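Heads up: the sequence shown begins at 47 in my numbering, then just goes up one per residue.
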Amino acid sequence: MCGRFAFTSPVEAMRQLFGIEERPNLAPRYNIAPTQEVVIVRHEEVTGRCLARAHWGLLPSWAKDRAMAARLINARAETVAEKPSFRAAFRARRCLIPADGYYEWVAMKDGKQPYRLARRDGGLFAFAGLWERWTPPEGDEPVESCTIITTAADDVVRPIHQRMPAIFAPGDYAAWLGESEVSRDQLLTLVQGASSPDLIATPVSRRLNSPRHDDAACIEPVEL
């Protein structure tokens with residue numbers, strides 16, 4: 047499971063990694079939690095690769111209300127193509143979710159200890175994601191939402207958690223976004239085989255435990 051992450055990198059680093067022209071004004075986010083708004087990268091027929099904003103927690107087009115989103119912050123790579131909540135988005139609405147760290151918790155005698163998983167060089171990476179557009183039954187403005195796909199943990203992450211976000215190498219971005227022709231089976235192989243880009247796990251401040259806190263103090267390393 048991936049239930050919190052961070053996106054603190056400079057906008058220029060994001061523009062270079064994803065090959066986009068936009069220059070959005072984005073504040074650093076140290077403790078992004080479910081249902082909050084996040085930045086995604088997707089491919090549009092008219093504009094090509096671009097940025098969008100979506101609420102974290104997928105709302106399928108057939109959802110009756112917003113409550114469903116909190117249960118769909120993650121999609122398992124092994125079943126994403128078949129599950130009713132995700133299969134339509136898997137076919138046609140795949141995205142990348144920029145991040146430079148994410149968090150998992152380990153039970154300790156004195157409570158849960160958060161660990162930050164990030165690249166050794168501190169660089170930006172991208173989760174495999176899906177997005178949807180949902181229209182509220184009362185006819186309000188459409189809501190765009192997203193989910194992070196998870197896969198079995200690799201050797202780096204397994205001591206912390208049995209699942210990890212599917213993280214793509216830049217060479218896989220075009221295929222995942224639908225910018226090149228790929229089959230369903232190729233997409234499944236891609237997302238199920240995604241691994242950690244030389245991640246390291248660092249225990250950080252328990253200030254992170256509360257989603258109300260979103261500042262640099264959340265990622266201060268601690269001694270255990």
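For every residue, glycine included, the Cβ atom is placed at its ideal position computed from N, Cα and C. Note that the coordinates shown come from a computational prediction; the quantities given were computed from them, not determined experimentally.
*Measuring CA to CA, which of Cys96, Lys129, His89 and Ile86 is closest to Pro25?*
The chain is shown only over 47 to 270; residue 25 falls outside these bounds and no answer can be derived.
*Residues that Tyr161 bridges to, as DSSP identifies them*: Glu150 and Pro249
*Closest to His207 by CA distance: which of Ala138, Met60 and Pro160 is it?*
Pro160
*asked:* Among Phe214, Pro243 and Val202, whose alpha-carbon lies nearest the alpha-carbon of Thr235?
replied: Phe214
*For the 8 Å Cβ check, are there 3 or more pairs between the region 156-172 and the region 242-253?*
yes
*Per DSSP, cross-strand counterpart(s) of Cys48*: DSSP lists no partner for Cys48.
*Taking Cβ to Cβ, would you say Leu118 is nearer than 7 Å to Leu97?*
No.
*Between Arg50 and Glu187, what straight-line distance do the alpha-carbon atoms span, to the nearest angstrom?*
27 Å
*Which residues bound the beta strand (DSSP E) around Ala174?*
Its beta strand (DSSP E) spans residues Phe171 to Trp180.
*asked:* Could you compute how far the alpha carbon of Leu245 sits from the alpha carbon of Arg122?
replied: 20 Å
*Hey, quick one: how far does the alpha helix (DSSP H) through Glu58 stretch, first residue to last?*
Val57 to Phe64
*Extent of the continuous alpha helix (DSSP H) to which Trp222 belongs*: Tyr219 to Leu223
*Drop a sphere of 10 angstroms on the beta-carbon of Arg154, count the other beta-carbons inside from all chains shown, and report buried for 16 or more, exposed for fewer.*
The question names Arg, but residue 154 is Met in the sequence shown. Exposed, since its Cβ has fewer than 16 Cβ neighbours within 10 Å.
_Anticipated Cβ contact below 8 Å, Cys141 with Ile86, distance rounded_ = 4 Å
_Where Phe271 falls: helix, strand or coil (DSSP)_ = Any question about residue 271 goes unanswered here, given that the chain covers just 47 to 270.
*Comparing alpha-carbon positions, which option in Arg61, Pro80 and Leu233 lies nearest Tyr148?*
Cα-wise, what sits closest to Tyr148 is Pro80.
_Taking only three categories from DSSP, how would you classify Leu270?_
coil
*How is Ile86 classed by DSSP in three states: helix, strand or coil?*
In the three-state reduction of the DSSP assignment, Ile86 falls in the strand class.
*Would you decide whether Arg193 is buried or exposed? Buried here means 16 or more other CB atoms lie within 10 Å of its CB.*
Strictly speaking, residue 193 in this sequence is Thr, with Arg absent from that position. Counting Cβ neighbours within 10 Å, Thr193 comes out buried, since at least 16 surround it.
*Could you please give me the residues that DSSP links to Val228 through a beta bridge?*
BP columns for Val228 are empty, so no partner.
*If you run the structure through DSSP and keep just helix, strand and coil, what is Ala263?*
Residue state, collapsed to three classes: helix.
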